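Report on the structure given below.
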Amino acid sequence: MDSSLVLQNLLSPPVLFFGLGLLSVVLRSDLEIPAPLPKLFSLYLLLAIGLKGGMELQHSGLDRLVVLTITAALAMALLVPITSFLVLRTRFDTYNAAAVAAAYGSISAVTFITAETFLGALDVPFDGFMVAALALMESPAIIIGLLLVRLSAPRERGPGLGWAGLLHEAFLNSSVLVLVGSLVIGALSAAFSPAGMARMQPFSEQLFYGALSFFLLDMGIVAGQRLRELRETGGFLIAFALLAPLVHAAAGLAVAVVLRLPQGDALLFMVLCASASYIAVPAAMRMTVPQANPSLYITSSLGLTFPFNIVVGIPLYMAALQRFIPAT
Amino acid sequence: MKRLDLIVAEPELERLCGALRQAGAPGYSVMRHVTGLGHGGTVSEGMDFSGFGANAHVIVFCEAQQLESIALAVRPLLSHYGGVGFVADAEPL
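In order, the protein sequences belong to chains A and B.
If you count the first sequence from 1, position 246 lands on 468 in my numbering, and the numbers rise without skipping.
If you count the second sequence from 1, position 89 lands on 467 in my numbering, and the numbers rise without skipping.
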């Protein structure tokens, strides 16, 4: 692997700030970011990426490649949780296997954003429609997760969430709503109010890199705190959290090669397949599968897979795809 | 007069408050962002950005005869999602 790719990623401000957050936990610093701020920055990042993606989607239009890529993304969002469940079920009960599988079937928007930043630093172009794939891949895994529980576990009567509540949670949770809403607003504004979009740019583009770095500082702190719970997760889940991204990224690469995606889009597709959700899915699983242990699905996705992807995974996937997909 | 203290995870707060209203609770007070140590380990605000949140503390004051219907509505939620509830005597000032 090209070591300069790893270094360039490792020494970028967002990843360094993530490391600083991790270090603050290891050194027992009193560094703490007040709770509403990470939520604000998380919503800001989704809004900014949605606006940009919508604008670029409007410019590029919906051609055959866009439709095929989005269809493939949806297929992966259905396939990954099912295969993950079959692997996890060998060691965990149905509830925990389904909750962890749902997390790995969904995506991490911040990993995607970090990959976009990485591509920007390398001057590798990518298409705005990949944001649509990101938005569409977030929710199906939540539904698959609950379906797996309903099909595999004995039925329990209780005050659990019904299908209407589940669909509401899956498709209208705050992150999906802001992302899809911003995507639509970006597309509409680019078509009918380009001057309005230009006025948004100081907010949605120039602040973006700083906001990502600040958010990753908080993610480093939270991931560091989660790492303390690794003893509870056990060796099998640790191995799964580190190997599943590689397997899912390889599957994503195979699809990208078949679809003849350019390098930038191929990396984003691989990252979507390889990442695990620690925002939408944990909140949904808490409400729909309360029997599952949150320490397992949050610690594995946020404490292991997320750091692995943003520090090692992204440059590794880039190096791998360069062997199969020529630069354009 | 009785005082009911309920501690649940924040995502379940809305449902708990709905159950209290349906059971005829005369009112309740809610304190969000409650952190500490529970059955599942440390409770922090670290995951607040995800909607997972910390805990919420709900306090209900009601007449003794209302307590049974409130308990009937709240118990299934506590046993399904987790959480604790305690009852104490209370006196108005």
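Each residue gets a CB set at the ideal place from its N, CA and C atoms; glycine is no exception.
Everything numeric in this text was worked out from a predicted model, so none of it was measured.
For Phe-348 of chain A, no alpha helix (DSSP H) run applies, since DSSP gives it neither H nor E.
Taking 8 Å as the cut-off, the beta carbon of Ile-255 of chain A is found no closer than this to the beta carbon of Ile-532 of chain A.
Against chain B, a Cβ distance below 8 Å from Ile-501 of chain A picks out Phe-427, Ser-428 and Gly-429.
Between Ser-404 of chain A and Leu-267 of chain A, the C-beta gap is not smaller than 8 Å, which leaves the two residues out of contact. For a cut-off of 8 Å, the C-beta gap from Met-359 of chain A to Ala-299 of chain A is around 4 Å, short enough to register as a contact. As the crow flies, the alpha-carbon of Asp-285 of chain A is around 13 Å from that of Gly-350 of chain A. Counting only Cβ-Cβ distances below 8 Å, Ala-387 of chain B has contacts in chain A at Arg-508, in chain order. In the DSSP annotation of this structure, the continuous segment of the alpha helix (DSSP H) that includes His-390 of chain A starts and ends at 385 to 394. Contacts between Asn-318 of chain A and chain B, judged by CB atoms closer than 9 Å, are missing: the closest CB pair is about 14 Å apart.
The beta carbon of Asn-395 of chain A falls within 8 Å of a beta carbon belonging to chain B, placing the residue at that interface.
Distance from the Cα of Phe-314 of chain A is smallest, within the candidate group A:Gly-272, A:Met-422, A:Leu-518 and A:Ile-292, for A:Leu-518. Across the structure, Leu-388 of chain A and Val-400 of chain A are spaced so that their CA atoms are roughly 18 Å apart. Judged by DSSP secondary structure, Ser-407 of chain B falls within the beta strand (DSSP E) whose first and last residues are 407 to 412. Against chain B, the beta carbon of Pro-512 of chain A has neighbours under 8 Å at His-458, Tyr-459 and Gly-460, listed in chain order. Taking a cut-off of 8 Å on C-beta distances, the stretch 242 to 261 of chain A touches the stretch 415 to 431 of chain B, as three or more cross pairs fall below it. In terms of Cα proximity to Val-479 of chain A, the closest of A:Ser-328, A:Arg-545 and A:Ile-304 is A:Arg-545.
Between the alpha carbons of Leu-475 of chain A and Phe-464 of chain B lies a distance of about 55 Å. Interface criterion not met: the Cβ of Pro-236 of chain A is under 8 Å from no Cβ in chain B. By the Cβ-count criterion, Pro-529 of chain A is buried, with 16 or more other Cβ atoms from all chains shown falling within 10 Å of its own Cβ. Taking CB atoms only, Val-332 of chain A has no neighbour in chain B less than 8 Å away. With respect to chain A, the C-beta atom of Glu-446 of chain B has no partner C-beta closer than 8 Å. Out of A:Pro-236, A:Ser-497 and A:Glu-451, the CA that lies nearest to the CA of Ala-433 of chain A is found in A:Pro-236.
Around the C-beta of Met-379 of chain B, fewer than 16 other C-beta atoms lie within 10 Å, and the residue is accordingly described as exposed. Interface residue (Cβ-Cβ distance to chain A less than 8 Å): Gly-424 of chain B is classified as such. Residues of the stretch 259 to 275 of chain A that bring their beta carbon within less than 7 Å of a beta carbon in chain B comprise Pro-260, Lys-261 and Ser-264, in sequence order.
Between Leu-494 of chain A and Leu-290 of chain A, the C-beta gap is not smaller than 8 Å, which leaves the two residues out of contact. For Pro-416 of chain A, there are no C-beta contacts with chain B under 9 Å, since the nearest C-beta of that chain is about 32 Å from it.
Chain-order list of chain B residues neighbouring Ile-365 of chain A: empty, with the shortest C-beta distance near 18 Å, by a criterion of under 8 Å. For Val-398 of chain A, none of the residues of chain B pass the 9 Å Cβ criterion, the least Cβ distance being about 11 Å.
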